[in-house]
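Novice: The sequence shown begins at 1 in the UniProt record's numbering and counts up by one. Mind having a look at this structure? Questions to follow.
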Amino acid sequence: MYDGPIIDAHHHFWDFGLGRHPWLMSGEAGDDIAPLRRDFLPDDYARMADGCGIVSSVHVEGNWDPADPIGETEWLDGLERPAGIAARYVAYAPLLEPCAAGILERHAAHERVVGIREILSWHPDPAKRRLPDNDRLTSPAWRQNLGLLSRYGFSFDLLVSPWQLDDVRRLAETFPDISFILNHCGNPMDRDAGGMRRWRAGLASAAKAGNVSIKISDPVAYDPHWSFDSLADVMLTAIDLFGPARSMFASDYPVAGLHIGFAEWIDVFRRVAARFSAAEQRAIFHDNAAALYRMADHPPQP
């Protein structure tokens with residue numbers, strides 16, 4: 001099995017005592033996230049990942065208070081961290097808002113920021129949606145601000161539902177100079193047969209755009225009673241559709257820790273990836289994230 005270097009392409013930090021993550025503070029998500037209501041900081045990550053082969057990582061915005069979209073980036077810059085940890089940031093910007101251009105410019109002043117993420121998931125079931133409507137990806141105002149990402153060389157991470165994956169393909173084809181990165185295996189949230197067919201068809205559509213990649217992360221989110229086979233089915237479907245050259249290992253910690261241990265997740269991933277060549281495994285675990293998140297560009301010091 002793969003024993004080379006690993007870049008964790010997706011994790012979060014928070015200081016619970018700061019109260020800057022409303023979704024954690026409000027309790028609106030229910031008691032099922034109670035284990036997340038604690039600090040998770042660089043030293044916590046380093047202890048958890050010790051011995052797992054992690055050489056670098058990417059911090060992805062964690063739903064910080066949207067009234068202060070630069071605050072998380074500034075806070076991250078002030079954290080002491082072991083070398084390589086949170087070497088790059090994927091920050092938040094409200095691309096539908098008139099202030100988006102200025103926020104992007106301010107993020108670009110921080111050398112670790114290499115991308116932007118928005119959570120854009122819409123679902124016909126109101127209980128499963130994060131946006132009230134399904135027209136964000138086609139909004140002219142939103143698209144105008146999205147186009148500004150290429151000015152800074154920013155990639156765009158997005159969390160969407162399978163219902164939106166056709167729109168992701170069309171979006172990526174409209175903006176060929178932007179690298180789009182689907183989070184969490186394309187979010188297979190509906191686990192019935194029809195829902196999984198919709199997810200597979202949507203991934204196949206999104207994969208047709210050559211500038212869309214996928215993070216093989218948190219397949220346990222909608223499969224809490226998982227088995228190795230159930231995770232492998234989702235993971236291999238995604239990797240086979242996008243190919244090893246556009247697939248990345250990621251942990252989504254600490255959120256994924258609600259359902260799977262960190263070392264356990266890496267073990268599952270190594271077992272699943274073992275069917276690929278050594279070069280393909282190296283790409284999935286390390287090289288693809290290094291390229292997409294520009295790890296070689298002016299490596300920041302810890």
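Where a beta carbon is used, it is the ideal one built from N, C-alpha and C, also for glycine. Owing to the predicted nature of the structure, the values given are computational and were not obtained by experimental measurement.
Expressed to the nearest angstrom, what Euclidean distance is found between the alpha-carbon atoms of ARG37 and ASP65?
Specialist: Distance between the alpha carbons of ARG37 and ASP65 is about 16 Å.
Novice: Determine, using beta carbons only, whether MET215 and ALA250 come nearer to each other than 8 Å.
Specialist: Checking the sequence, you will find Lys at residue 215 rather than Met. Their beta carbons are under 8 Å apart, which means LYS215 touches ALA250 by this criterion.
Novice: Which whole runs of the beta strand (DSSP E) in the segment 184 to 245 are 3 residues long or more, in chain order?
Specialist: Those beta strand (DSSP E) runs which fall completely within the segment 184 to 245 and span 3+ residues are 212 to 216.
Novice: DSSP state of residue 304, grouped into three classes?
Specialist: Because residue 304 is not part of the residues shown, which for the chain are 1 to 302, the question remains open.
Novice: For PRO188, which option in GLY147, VAL212, ARG143 and LEU159 has the closest C-alpha, if you only look at C-alpha atoms?
Specialist: Ranking the options by Cα distance to PRO188, first place goes to LEU159.
Novice: When we look at the beta-carbon of LEU120 and count the other beta-carbons within 10 Å, is it buried (16 or more) or exposed?
Specialist: LEU120 should be labelled buried.
Novice: Just to check my reading of the structure: CYS185 and VAL234 have Cβ atoms closer than 8 Å, yes? What is that Cβ distance to the nearest angstrom?
Specialist: Yes, CYS185 and VAL234 are in contact; Cβ-Cβ is about 5 Å, under 8 Å.
Novice: Among LEU165, ARG47, ILE116 and LEU96, which residue has its Cα nearest to the Cα of GLU72?
Specialist: The option with the nearest alpha carbon to GLU72 is ILE116.
Novice: To the nearest angstrom, how far is it from the Cα of PHE180 to the Cα of SER139?
Specialist: Distance between the alpha carbons of PHE180 and SER139 is about 17 Å.
Novice: How is PHE180 classed by DSSP in three states: helix, strand or coil?
Specialist: PHE180: strand per DSSP, three-state reduction.
Novice: For VAL55 and ARG88, which I take to be in contact (beta-carbon distance under 8 Å), what is that distance rounded to the nearest angstrom?
Specialist: With 8 Å as the limit, VAL55 and ARG88 do not qualify as a contact, their Cβ atoms being about 13 Å apart.
Novice: Could you check whether ILE6 and GLY62 sit closer than 8 Å to each other, using their CB atoms as the reference points?
Specialist: No, these two residues do not count as a Cβ contact at 8 Å.
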